[in-house]
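Below is one structure, written out as structure tokens; comments come after it.
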Amino acid sequence: MPLPPGVDAPVPGPPGPPPPGSRTVRTDDGVDLHVEFDGPAGGGGAGGDAAAPTVVFCHGFTARSAEFDVHRPALRDRVRMVFWDQRGHGRSGWTRLTAATIDRTGRDLGQVLDAVVPTGPVVLVGHSMGGMSIMALARQRPELFGTRVAGALLLATSSGGLVSGGLLGAWITAVRRLHLLGLWLRWLQLIAPLLERFRRRGTVVGRWFTRRYLFGRSDADPADVRLVQDLLEETPFTVTLAFWATFLDHDETAGLPALSRVPTTVVAGTDDRLTPVDHGRRLAAELGDDAELVVVPGAGHSVNLTRTELVDGALAGLLDRVEDRLRTPRAG
Numbered sequence: 167m168p169l170p171p172g173v174d175a176p177v178p179g180p181p182g183p184p185p186p187g188s189r190t191v192r193t194d195d196g197v198d199l200h201v202e203f204d205g206p207a208g209g210g211g212a213g214g215d216a217a218a219p220t221v222v223f224c225h226g227f228t229a230r231s232a233e234f235d236v237h238r239p240a241l242r243d244r245v246r247m248v249f250w251d252q253r254g255h256g257r258s259g260w261t262r263l264t265a266a267t268i269d270r271t272g273r274d275l276g277q278v279l280d281a282v283v284p285t286g287p288v289v290l291v292g293h294s295m296g297g298m299s300i301m302a303l304a305r306q307r308p309e310l311f312g313t314r315v316a317g318a319l320l321l322a323t324s325s326g327g328l329v330s331g332g333l334l335g336a337w338i339t340a341v342r343r344l345h346l347l348g349l350w351l352r353w354l355q356l357i358a359p360l361l362e363r364f365r366r367r368g369t370v371v372g373r374w375f376t377r378r379y380l381f382g383r384s385d386a387d388p389a390d391v392r393l394v395q396d397l398l399e400e401t402p403f404t405v406t407l408a409f410w411a412t413f414l415d416h417d418e419t420a421g422l423p424a425l426s427r428v429p430t431t432v433v434a435g436t437d438d439r440l441t442p443v444d445h446g447r448r449l450a451a452e453l454g455d456d457a458e459l460v461v462v463p464g465a466g467h468s469v470n471l472t473r474t475e476l477v478d479g480a481l482a483g484l485l486d487r488v489e490d491r492l493r494t495p496r497a498g
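Taking my numbering, the leading residue of the sequence shown gets 167, the next gets one more, and so forth.
This is the structure:
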């Protein structure tokens, strides 16, 4: 895929050729986004039953759309599914550092919808950064919510304040007060290519980190840990450290009024160390009466992988609510 001038292609990316029927969506700033399809009329067009929702999946930070493969069987006979890799992730093209932001991934999501689901209702599913992209889209294009976007499932995500507490929060606060945050972030981005050059994948240390921060205390099957480790380690440090800055100032509360117009379900794990359960509780409260909160005891950040049947059930319940709303829309 072509890259903007002066931008090096990240490595290593997923192995093998793209699946049959995949499409490429080029953004308005020239980045090619990889898109896949499944379910009825899943060949990549905008066909199918115009009244049935299309479910669009938005993956998490340093992962790719393959993290949602476990959900395909439960939905394949019910809805059309769209999966896309966010910029710099998976098979999608890379970008300039200044465009490695949640604001930009929200715009990318809108352009994916415009290109591959131009008509009919849409239900958005977002895990971690994917949920943040959904909230960013709601802020940027509120007119879509309640018209085109008919519902949202938000998994292990947050509307903001991720680094406000703890040791990291204290460090960031101190660096900001010294007016050194920009310099520190730029230094991290400059050394990223060197770190990537000497990086080793599949290590025991990497497995420990994945186990500790992506899983709960008692829900980590070794095969699942290795799967998540492999997915995360596909993403180069050049991508990881470029996006890292956007999480420090992440605040998408301005998009929540638009998102609150449609049925939503928020899923949060009690052992999630990256987006703690209190963020899920606060998000559901801010979304109001049309939001359902599912708190999963013992689950970590990879709740969709370790509690697949529960998440499938939450999504099925959300689709029921959305379809009921579509059949009997609210007056006014």
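Just so it is clear, CB atoms sit at the ideal spot from N, CA and C, and this is done for glycine as well.
Where does residue i fall in DSSP's three states?
i: residue 382; result: coil
i: residue 250; result: strand
i: residue 197; result: coil
i: residue 368; result: coil
i: residue 229; result: coil
i: residue 440; result: coil
i: residue 485; result: helix
i: residue 212; result: Any reading at residue 212 must be qualified, since the residue scores a pLDDT of 40, below 50, and its modelled position is unreliable; the value itself is stated next. In this structure, residue 212 counts as coil in the three-state DSSP scheme.
How about residue i and residue j: do their beta carbons lie closer than 8 Å?
i: residue 412; j: residue 268; result: yes
i: residue 421; j: residue 304; result: yes
i: residue 320; j: residue 449; result: yes
i: residue 465; j: residue 435; result: yes
i: residue 272; j: residue 245; result: no
i: residue 228; j: residue 406; result: yes
i: residue 252; j: residue 276; result: no
If we ignore side chains and look at the alpha-carbon of each, how far apart do residue i and residue j end up?
i: residue 188; j: residue 360; result: 33 Å
i: residue 355; j: residue 416; result: 18 Å
i: residue 255; j: residue 404; result: 11 Å
i: residue 294; j: residue 324; result: 7 Å
i: residue 401; j: residue 468; result: 17 Å
i: residue 193; j: residue 201; result: 12 Å
i: residue 365; j: residue 488; result: 45 Å
i: residue 384; j: residue 477; result: 18 Å
i: residue 491; j: residue 310; result: 16 Å
Identify the residues that DSSP records as bridge partners of residue i: which are they?
i: residue 316; result: Partner(s): none; residue 316 has no beta bridge.
i: residue 192; result: 198
i: residue 288; result: 220 and 315
i: residue 203; result: 248
i: residue 477; result: Partner(s): none; residue 477 has no beta bridge.
Discussion item. Using 8 Å as the cut-off, can you tell me whether the segment 376-394 makes contact with the segment 468-476, which would need three or more C-beta pairs spanning the two stretches below that distance?
Written reply: yes
Discussion item. So, does the segment 446-455 touch the segment 411-427, judging by three or more C-beta pairs under 8 Å?
Written reply: yes
Item to complete: Count the CB pairs spanning the segment 320-330 and the segment 356-371 that are closer than 8 Å, and state whether there are at least three.
Response: no
Practice prompt. Check whether the segment 257-273 touches the segment 431-442, taking contact to mean three or more Cβ pairs, one atom from each stretch, closer than 8 Å.
Written response: no
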